[in-house]
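Everything on this sheet refers to the single structure shown next.
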Amino acid sequence: MADDEDFWFQVQQAFTVDRNNINLNNGSVAPSPRSVQRAQVDYLTMTNMSPSYYVDEMLYPGFEVVRRRLATRFGCDPEEIAITRNTTEALEAVQFGLALERGDEILTTTQDYPSMVTTWRQRERRDGVVLRFISFPSPPPSVDDLVSRVERAITPRTKVIHVSHVYYTTGQVFPVRRICQMARAKGIEVVVDGGHSFAQFPFTRDELDCDYFGTSLHKWLSAPVGTGFLYVRKAKIPRVWSLFASPPEMADNIRKFEGIGTFPVHIRNPITEAVDFWEAIGPERKAARLRLLRRRWVNAVRDLPRVKILTPDDDAQSCALGAMSLDGVTGPQLTDWLMAKHRVHVRPREVPNEFSAIRVTPNVYTTLEEVDVFARAIVHAATRGIA
(Lines of atoms letter the chains of each structure in order from A and count residues from 1; the text may use other names and numbers.)
(Lines give C-alpha, C1' and ligand atoms only; values in the text may rest on other atoms or scores of the structure.)
Protein backbone atom coordinates (compact mmCIF):
# COMPACT_ATOMS: atom_id res chain seq x y z
CA MET A 1 0.00 0.00 0.00
CA ALA A 2 2.65 2.52 1.03
CA ASP A 3 4.77 1.96 -2.10
CA ASP A 4 2.03 1.83 -4.76
CA GLU A 5 3.28 4.81 -6.77
CA ASP A 6 0.33 4.72 -9.18
CA PHE A 7 -2.03 5.23 -6.24
CA TRP A 8 0.08 7.99 -4.69
CA PHE A 9 0.37 9.77 -8.04
CA GLN A 10 -3.41 10.16 -8.03
CA VAL A 11 -3.27 11.49 -4.46
CA GLN A 12 -0.56 13.97 -5.47
CA GLN A 13 -2.75 15.25 -8.30
CA ALA A 14 -5.48 16.13 -5.80
CA PHE A 15 -3.37 19.05 -4.56
CA THR A 16 -2.51 22.41 -6.12
CA VAL A 17 0.93 22.81 -4.54
CA ASP A 18 3.80 24.73 -6.13
CA ARG A 19 6.28 22.11 -7.34
CA ASN A 20 8.96 24.78 -7.84
CA ASN A 21 9.48 24.62 -4.09
CA ILE A 22 9.81 21.40 -2.12
CA ASN A 23 7.65 21.82 0.94
CA LEU A 24 8.89 19.57 3.73
CA ASN A 25 7.27 21.63 6.45
CA ASN A 26 3.76 20.25 6.48
CA GLY A 27 3.87 20.17 10.26
CA SER A 28 3.14 23.89 10.58
CA VAL A 29 0.27 24.17 8.10
CA ALA A 30 -0.60 21.71 5.36
CA PRO A 31 -2.27 22.52 2.04
CA SER A 32 -5.83 21.40 1.46
CA PRO A 33 -6.76 19.18 -1.50
CA ARG A 34 -8.92 20.62 -4.27
CA SER A 35 -12.11 19.14 -2.81
CA VAL A 36 -11.63 21.06 0.43
CA GLN A 37 -10.64 24.25 -1.41
CA ARG A 38 -13.77 24.05 -3.55
CA ALA A 39 -15.98 23.47 -0.53
CA GLN A 40 -14.45 26.46 1.21
CA VAL A 41 -15.20 28.69 -1.78
CA ASP A 42 -18.73 27.30 -2.02
CA TYR A 43 -19.47 27.97 1.64
CA LEU A 44 -18.01 31.48 1.37
CA THR A 45 -20.28 32.13 -1.61
CA MET A 46 -23.24 30.79 0.34
CA THR A 47 -22.37 33.04 3.27
CA ASN A 48 -22.50 36.12 1.06
CA MET A 49 -25.79 35.20 -0.61
CA SER A 50 -27.76 36.09 2.52
CA PRO A 51 -25.34 36.25 5.46
CA SER A 52 -27.64 36.35 8.44
CA TYR A 53 -30.12 33.79 7.15
CA TYR A 54 -27.75 31.35 5.42
CA VAL A 55 -25.22 31.35 8.25
CA ASP A 56 -27.83 30.80 10.95
CA GLU A 57 -30.04 28.37 9.07
CA MET A 58 -27.54 26.42 6.96
CA LEU A 59 -23.90 26.79 7.97
CA TYR A 60 -24.27 26.68 11.75
CA PRO A 61 -26.43 23.51 11.66
CA GLY A 62 -23.75 21.94 9.48
CA PHE A 63 -21.30 22.26 12.35
CA GLU A 64 -23.13 19.41 14.05
CA VAL A 65 -22.27 17.12 11.15
CA VAL A 66 -18.64 18.21 11.47
CA ARG A 67 -18.77 17.53 15.20
CA ARG A 68 -20.19 14.05 14.62
CA ARG A 69 -17.60 13.16 11.97
CA LEU A 70 -14.71 14.27 14.18
CA ALA A 71 -16.12 12.39 17.16
CA THR A 72 -16.45 9.23 15.08
CA ARG A 73 -12.81 9.41 14.03
CA PHE A 74 -11.62 10.24 17.56
CA GLY A 75 -13.85 7.59 19.12
CA CYS A 76 -15.83 9.74 21.52
CA ASP A 77 -19.30 11.20 22.07
CA PRO A 78 -20.04 14.22 19.81
CA GLU A 79 -21.04 16.04 23.00
CA GLU A 80 -17.36 15.92 24.00
CA ILE A 81 -16.02 17.75 20.92
CA ALA A 82 -15.78 21.54 20.63
CA ILE A 83 -14.77 22.95 17.24
CA THR A 84 -12.01 25.54 17.65
CA ARG A 85 -9.64 27.60 15.53
CA ASN A 86 -6.48 25.72 16.45
CA THR A 87 -4.64 23.74 19.14
CA THR A 88 -3.67 26.87 21.05
CA GLU A 89 -7.28 27.98 21.51
CA ALA A 90 -8.34 24.46 22.44
CA LEU A 91 -5.64 23.91 25.05
CA GLU A 92 -5.77 27.40 26.53
CA ALA A 93 -9.44 26.81 27.32
CA VAL A 94 -8.31 23.99 29.60
CA GLN A 95 -5.13 25.65 30.84
CA PHE A 96 -6.96 28.80 31.92
CA GLY A 97 -10.16 26.95 32.80
CA LEU A 98 -8.85 24.47 35.37
CA ALA A 99 -9.18 25.59 38.99
CA LEU A 100 -5.69 25.84 40.49
CA GLU A 101 -4.41 27.41 43.68
CA ARG A 102 -1.23 29.23 44.64
CA GLY A 103 1.61 26.74 44.98
CA ASP A 104 0.01 24.07 42.78
CA GLU A 105 2.52 22.59 40.37
CA ILE A 106 2.23 21.99 36.64
CA LEU A 107 4.67 19.53 35.12
CA THR A 108 5.64 19.77 31.46
CA THR A 109 8.70 19.14 29.27
CA THR A 110 11.37 21.30 27.71
CA GLN A 111 10.06 20.26 24.29
CA ASP A 112 6.43 21.31 24.69
CA TYR A 113 5.01 23.99 22.43
CA PRO A 114 6.03 27.58 23.35
CA SER A 115 2.48 28.98 23.24
CA MET A 116 1.35 26.44 25.80
CA VAL A 117 4.35 27.12 28.03
CA THR A 118 3.57 30.85 27.79
CA THR A 119 0.02 30.12 28.95
CA TRP A 120 1.24 28.34 32.07
CA ARG A 121 3.77 31.13 32.64
CA GLN A 122 0.93 33.63 32.69
CA ARG A 123 -0.88 31.54 35.29
CA GLU A 124 2.33 31.58 37.31
CA ARG A 125 2.32 35.37 37.32
CA ARG A 126 -1.41 35.72 37.86
CA ASP A 127 -2.28 32.84 40.17
CA GLY A 128 0.99 31.85 41.82
CA VAL A 129 1.14 28.33 40.40
CA VAL A 130 4.54 26.77 39.76
CA LEU A 131 5.63 25.46 36.35
CA ARG A 132 8.26 22.72 36.43
CA PHE A 133 10.09 21.06 33.53
CA ILE A 134 11.53 17.68 32.73
CA SER A 135 13.85 16.93 29.82
CA PHE A 136 14.29 13.76 27.82
CA PRO A 137 16.93 12.69 25.30
CA SER A 138 16.18 12.64 21.58
CA PRO A 139 15.84 9.86 20.75
CA PRO A 140 15.09 8.35 24.18
CA PRO A 141 16.56 5.00 25.24
CA SER A 142 13.07 3.53 25.71
CA VAL A 143 9.41 4.32 26.26
CA ASP A 144 9.82 3.15 29.85
CA ASP A 145 12.44 5.86 30.31
CA LEU A 146 9.97 8.54 29.22
CA VAL A 147 7.31 7.36 31.66
CA SER A 148 9.87 7.08 34.44
CA ARG A 149 11.08 10.65 33.91
CA VAL A 150 7.56 11.98 34.27
CA GLU A 151 6.74 9.85 37.30
CA ARG A 152 9.96 10.74 39.12
CA ALA A 153 9.22 14.45 38.71
CA ILE A 154 5.81 14.26 40.39
CA THR A 155 5.58 15.83 43.85
CA PRO A 156 2.72 16.05 46.36
CA ARG A 157 1.92 19.48 44.85
CA THR A 158 1.64 18.30 41.24
CA LYS A 159 -1.89 19.00 39.98
CA VAL A 160 -1.46 18.99 36.19
CA ILE A 161 0.82 17.17 33.75
CA HIS A 162 1.01 18.79 30.31
CA VAL A 163 2.51 16.63 27.54
CA SER A 164 2.34 16.34 23.77
CA HIS A 165 1.11 13.25 21.98
CA VAL A 166 3.59 13.97 19.17
CA TYR A 167 6.35 16.45 19.92
CA TYR A 168 6.60 19.30 17.46
CA THR A 169 10.39 19.30 17.82
CA THR A 170 11.31 15.78 16.71
CA GLY A 171 8.08 13.87 16.09
CA GLN A 172 8.57 11.76 19.21
CA VAL A 173 5.31 9.94 20.00
CA PHE A 174 4.87 10.09 23.77
CA PRO A 175 3.37 7.28 25.91
CA VAL A 176 0.24 9.28 26.66
CA ARG A 177 -1.93 6.37 27.78
CA ARG A 178 0.54 5.23 30.42
CA ILE A 179 1.02 8.75 31.70
CA CYS A 180 -2.73 9.42 31.85
CA GLN A 181 -3.40 6.22 33.77
CA MET A 182 -0.50 6.78 36.14
CA ALA A 183 -1.55 10.38 36.79
CA ARG A 184 -5.24 9.56 37.23
CA ALA A 185 -4.35 7.09 39.98
CA LYS A 186 -2.62 9.96 41.77
CA GLY A 187 -5.46 12.46 41.26
CA ILE A 188 -3.49 14.50 38.71
CA GLU A 189 -5.02 16.05 35.58
CA VAL A 190 -3.29 15.46 32.23
CA VAL A 191 -3.58 17.95 29.36
CA VAL A 192 -2.62 16.42 26.00
CA ASP A 193 -1.35 18.56 23.14
CA GLY A 194 -2.44 16.64 20.06
CA GLY A 195 -1.62 19.33 17.53
CA HIS A 196 0.59 16.97 15.53
CA SER A 197 -1.12 13.64 15.99
CA PHE A 198 -4.75 13.72 14.84
CA ALA A 199 -5.00 12.40 11.26
CA GLN A 200 -1.25 11.80 10.98
CA PHE A 201 -1.83 8.22 12.11
CA PRO A 202 -4.96 6.45 13.36
CA PHE A 203 -5.79 6.28 17.07
CA THR A 204 -8.80 6.81 19.31
CA ARG A 205 -9.56 8.51 22.60
CA ASP A 206 -9.65 5.16 24.37
CA GLU A 207 -6.17 4.32 23.13
CA LEU A 208 -4.95 7.49 24.86
CA ASP A 209 -7.36 7.26 27.82
CA CYS A 210 -7.12 11.05 28.12
CA ASP A 211 -9.51 13.59 29.63
CA TYR A 212 -8.35 16.67 27.70
CA PHE A 213 -7.02 16.78 24.12
CA GLY A 214 -6.60 19.66 21.67
CA THR A 215 -5.55 19.59 18.04
CA SER A 216 -5.30 21.62 14.84
CA LEU A 217 -7.07 20.32 11.75
CA HIS A 218 -5.09 22.44 9.28
CA LYS A 219 -2.06 20.24 9.89
CA TRP A 220 -2.48 16.52 9.21
CA LEU A 221 -6.17 16.52 8.28
CA SER A 222 -5.53 19.19 5.59
CA ALA A 223 -8.65 21.08 6.62
CA PRO A 224 -8.89 24.87 6.09
CA VAL A 225 -6.40 27.02 7.96
CA GLY A 226 -7.85 28.09 11.28
CA THR A 227 -9.65 24.90 12.32
CA GLY A 228 -9.15 22.57 15.26
CA PHE A 229 -10.99 20.81 18.05
CA LEU A 230 -11.00 20.39 21.80
CA TYR A 231 -11.99 17.13 23.45
CA VAL A 232 -13.08 17.16 27.10
CA ARG A 233 -14.38 14.01 28.77
CA LYS A 234 -18.05 14.62 29.51
CA ALA A 235 -17.75 14.34 33.28
CA LYS A 236 -14.98 16.96 33.24
CA ILE A 237 -16.79 19.63 31.21
CA PRO A 238 -18.50 21.33 34.20
CA ARG A 239 -15.13 21.61 35.97
CA VAL A 240 -13.50 23.70 33.23
CA TRP A 241 -14.32 27.39 32.83
CA SER A 242 -14.72 28.49 29.21
CA LEU A 243 -12.06 30.79 27.77
CA PHE A 244 -14.77 33.25 26.71
CA ALA A 245 -17.64 33.95 29.10
CA SER A 246 -20.60 31.57 28.97
CA PRO A 247 -23.92 31.53 30.90
CA PRO A 248 -24.37 29.13 33.83
CA GLU A 249 -26.85 26.99 31.93
CA MET A 250 -24.00 26.11 29.54
CA ALA A 251 -21.77 24.78 32.33
CA ASP A 252 -22.00 21.15 31.22
CA ASN A 253 -22.29 21.85 27.47
CA ILE A 254 -19.18 21.36 25.31
CA ARG A 255 -20.36 24.23 23.08
CA LYS A 256 -19.47 26.74 25.79
CA PHE A 257 -15.91 26.47 24.46
CA GLU A 258 -17.09 27.62 21.01
CA GLY A 259 -18.47 31.00 22.10
CA ILE A 260 -15.81 33.25 20.57
CA GLY A 261 -18.05 35.83 18.87
CA THR A 262 -18.18 36.36 15.11
CA PHE A 263 -15.65 34.42 13.04
CA PRO A 264 -15.29 33.22 9.41
CA VAL A 265 -17.87 30.45 9.59
CA HIS A 266 -17.29 29.19 6.04
CA ILE A 267 -14.01 27.50 6.98
CA ARG A 268 -15.60 25.02 9.39
CA ASN A 269 -18.09 23.20 7.19
CA PRO A 270 -15.37 21.97 4.76
CA ILE A 271 -13.83 19.98 7.61
CA THR A 272 -16.26 17.28 6.48
CA GLU A 273 -14.63 17.18 3.04
CA ALA A 274 -11.22 16.94 4.70
CA VAL A 275 -12.39 13.92 6.69
CA ASP A 276 -13.78 12.42 3.48
CA PHE A 277 -10.40 12.82 1.79
CA TRP A 278 -8.57 11.23 4.72
CA GLU A 279 -10.97 8.29 4.77
CA ALA A 280 -10.70 7.87 0.99
CA ILE A 281 -6.93 7.41 1.31
CA GLY A 282 -7.35 5.27 4.42
CA PRO A 283 -5.87 6.25 7.79
CA GLU A 284 -3.63 3.18 7.97
CA ARG A 285 -2.42 3.56 4.39
CA LYS A 286 -1.69 7.26 4.96
CA ALA A 287 0.37 6.51 8.08
CA ALA A 288 2.29 3.80 6.24
CA ARG A 289 3.12 6.19 3.40
CA LEU A 290 4.28 8.91 5.78
CA ARG A 291 6.55 6.45 7.57
CA LEU A 292 7.95 5.30 4.21
CA LEU A 293 8.81 8.88 3.26
CA ARG A 294 10.47 9.58 6.60
CA ARG A 295 12.50 6.37 6.48
CA ARG A 296 13.59 7.09 2.90
CA TRP A 297 15.47 10.26 3.80
CA VAL A 298 16.58 9.04 7.23
CA ASN A 299 18.15 5.89 5.79
CA ALA A 300 19.93 7.96 3.16
CA VAL A 301 21.65 10.26 5.66
CA ARG A 302 21.87 8.48 9.01
CA ASP A 303 25.42 7.16 8.52
CA LEU A 304 26.87 10.42 7.26
CA PRO A 305 29.55 12.16 9.32
CA ARG A 306 28.20 14.80 11.71
CA VAL A 307 24.57 13.75 11.20
CA LYS A 308 22.44 12.77 14.18
CA ILE A 309 18.88 11.50 13.79
CA LEU A 310 16.76 12.69 16.71
CA THR A 311 13.62 10.68 15.93
CA PRO A 312 13.18 7.01 16.92
CA ASP A 313 12.82 4.39 14.18
CA ASP A 314 10.17 2.48 16.15
CA ASP A 315 6.70 2.83 14.58
CA ALA A 316 5.19 3.18 18.04
CA GLN A 317 7.31 6.28 18.61
CA SER A 318 7.26 8.01 15.22
CA CYS A 319 5.42 8.56 11.96
CA ALA A 320 5.85 11.44 9.48
CA LEU A 321 7.86 13.93 11.51
CA GLY A 322 11.60 13.44 11.59
CA ALA A 323 14.39 15.62 12.92
CA MET A 324 18.14 15.69 12.39
CA SER A 325 21.06 17.80 13.49
CA LEU A 326 24.35 18.45 11.71
CA ASP A 327 27.32 18.97 13.97
CA GLY A 328 28.81 22.44 13.55
CA VAL A 329 25.72 23.86 11.81
CA THR A 330 22.69 25.30 13.59
CA GLY A 331 19.15 24.42 12.62
CA PRO A 332 18.41 27.95 11.32
CA GLN A 333 21.63 27.96 9.26
CA LEU A 334 20.81 24.62 7.64
CA THR A 335 17.22 25.70 7.03
CA ASP A 336 18.29 28.87 5.23
CA TRP A 337 20.88 27.00 3.13
CA LEU A 338 18.39 24.34 2.05
CA MET A 339 15.98 26.97 0.77
CA ALA A 340 18.61 29.24 -0.80
CA LYS A 341 20.52 26.48 -2.59
CA HIS A 342 17.97 23.72 -3.12
CA ARG A 343 14.51 25.33 -2.76
CA VAL A 344 13.70 22.90 0.04
CA HIS A 345 11.57 24.26 2.87
CA VAL A 346 12.02 22.72 6.32
CA ARG A 347 11.62 24.13 9.82
CA PRO A 348 14.41 24.75 12.35
CA ARG A 349 13.79 23.33 15.80
CA GLU A 350 15.92 24.23 18.79
CA VAL A 351 15.74 23.33 22.48
CA PRO A 352 18.22 25.39 24.52
CA ASN A 353 21.09 23.33 25.91
CA GLU A 354 19.75 20.22 24.14
CA PHE A 355 19.87 20.48 20.34
CA SER A 356 19.66 22.72 17.28
CA ALA A 357 18.10 20.78 14.42
CA ILE A 358 15.78 20.79 11.45
CA ARG A 359 12.37 19.14 11.38
CA VAL A 360 11.34 17.43 8.16
CA THR A 361 7.65 16.76 7.53
CA PRO A 362 6.57 15.31 4.18
CA ASN A 363 2.91 14.75 3.37
CA VAL A 364 0.86 12.48 1.13
CA TYR A 365 1.42 14.75 -1.88
CA THR A 366 5.23 14.61 -1.45
CA THR A 367 7.00 12.68 -4.21
CA LEU A 368 9.89 10.27 -3.77
CA GLU A 369 12.07 12.53 -5.93
CA GLU A 370 11.38 15.49 -3.63
CA VAL A 371 12.50 13.46 -0.63
CA ASP A 372 15.59 12.37 -2.56
CA VAL A 373 16.48 15.97 -3.45
CA PHE A 374 16.46 16.79 0.25
CA ALA A 375 18.56 13.73 1.10
CA ARG A 376 21.15 14.58 -1.57
CA ALA A 377 21.36 18.11 -0.20
CA ILE A 378 22.10 16.75 3.28
CA VAL A 379 24.80 14.48 1.83
CA HIS A 380 26.39 17.59 0.31
CA ALA A 381 26.10 19.54 3.57
CA ALA A 382 27.59 16.73 5.64
CA THR A 383 30.50 15.97 3.32
CA ARG A 384 31.29 19.32 1.70
CA GLY A 385 29.77 21.90 4.03
CA ILE A 386 27.28 24.68 3.39
CA ALA A 387 29.63 27.59 2.68
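The numbering of the sequence shown is my numbering, which starts it at 40 and goes up by one.
For every residue, glycine included, the Cβ atom is placed at its ideal position computed from N, Cα and C.
My guess is that residue i and residue j are in contact by the Cβ rule of under 8 Å, so how many angstroms apart are they, rounded?
i: I83; j: H381; result: Per the sequence shown, the amino acid found at residue 83 is Leu instead of Ile. About 36 Å separates the two Cβ atoms, so there is no contact after all.
i: K273; j: E119; result: 5 Å
i: Q76; j: Y404; result: About 13 Å; that fails the 8 Å criterion.
i: I417; j: V368; result: I417 to V368, Cβ: 11 Å. No contact.
i: T148; j: F172; result: 6 Å
i: V169; j: E144; result: 5 Å
i: S261; j: P70; result: 7 Å
i: S357; j: V212; result: 6 Å
i: G370; j: A396; result: 5 Å
i: F46; j: P72; result: Actually they are not in contact, since the Cβ atoms of F46 and P72 sit about 15 Å apart, beyond 8 Å.
i: G7; j: R398; result: No statement about residue 7 is possible, as the shown extent of the chain runs from 40 to 426 and does not include it.
i: E246; j: R216; result: 6 Å
i: S177; j: L349; result: 4 Å
i: T243; j: F113; result: 6 Å
For the candidate residues the options, whose alpha-carbon lies nearest to that of residue i?
i: E131; options: T374, W376, C358, Y251; result: Y251
i: R24; options: E228, D116, Y207; result: Outside the shown range of the chain, which is 40 to 426, sits residue 24, and nothing can be said about it.
i: T374; options: L63, W317, V56; result: L63
i: A110; options: P351, A78, V271, G66; result: V271
i: L98; options: P309, E408, L407; result: P309
i: S74; options: R341, D411, D315, R423; result: D315
i: R107; options: F268, I227, K198; result: F268
i: L139; options: C249, A379, R196; result: R196
i: F344; options: S89, L365, L282, L329; result: One detail in the question is off: residue 344 reads as Pro in this sequence, not Phe. The shortest Cα separation from P344 among S89, L365, L282, L329 belongs to L365.
i: T301; options: V202, S91, E44; result: S91
i: A414; options: R335, H204, N87; result: R335
i: K258; options: P180, L360, H201; result: L360
i: Q372; options: R294, E389, Y152; result: E389
i: D248; options: E228, P263, V156; result: E228
i: D438; options: V264, R333, G253; result: Residue 438 falls outside the range modelled here, since the chain spans only 40 to 426, and no answer is possible.
i: V56; options: P401, G321, T422, D411; result: P401
i: F102; options: R294, K225, D411, W376; result: R294
i: R141; options: H204, K198, A313, R58; result: K198
i: A224; options: D245, I193, H204; result: I193
i: A379; options: N60, M40, A41; result: N60
i: W376; options: S285, P287, A421; result: A421
i: V412; options: V337, D81, D166; result: V337
i: H384; options: D42, A78, R58, L146; result: R58
i: I200; options: T350, M155, V264, F296; result: M155
i: P100; options: A41, D342, R307, T127; result: R307
i: A284; options: G226, G298, A129; result: G298
i: E393; options: E408, M363, T406; result: M363
i: D42; options: T406, N87, R164; result: T406
i: C463; options: L329, L146, D342; result: What the structure shows of the chain is the stretch from 40 to 426, and residue 463 is not part of that stretch, so it cannot be assessed.
i: P180; options: P391, E288, P351, W317; result: P351
i: P263; options: H419, D81, E44, D342; result: D81
i: E312; options: G253, G114, Y93, V105; result: V105
i: I34; options: G253, P241, A222, D291; result: Nothing can be reported for residue 34, as the shown portion of the chain is limited to 40 through 426.
i: N292; options: D116, A78, V205; result: D116
i: R330; options: D166, V410, V133; result: V410
In the DSSP assignment, what residue or residues form a beta bridge with residue i?
i: S203; result: D232
i: A396; result: R388
i: S255; result: G267
i: V383; result: I61
i: V304; result: Its beta-bridge partners do not exist; DSSP assigns none.
i: F237; result: F240
i: T197; result: E144
i: V212; result: V205
Can a CB atom of chain B be found closer than 7 Å to the CB of residue i?
i: E103; result: Within the model displayed, chain B is absent; a lone protein chain is all it includes.
Cβ contact (3+ pairs, closer than 8 Å) linking the segment 122 to 129 and the segment 321 to 331: no
Runs of alpha helix (DSSP H) wholly within the segment 317 to 381 (minimum 4 residues, chain order): 322 to 340, 370 to 381
Length at least 3, wholly inside the segment 121 to 192: the beta strand (DSSP E) runs in chain order: 144 to 148, 169 to 173
Three or more C-beta pairs below 8 Å linking the segment 234 to 250 and the segment 277 to 285: no
Cβ contact check for the segment 223 to 235 and the segment 166 to 181: 3 or more pairs under 8 Å: no
Inside the segment 71 to 123 only - alpha helix (DSSP H) runs reaching at least 4 residues: 73 to 88, 90 to 93, 99 to 113
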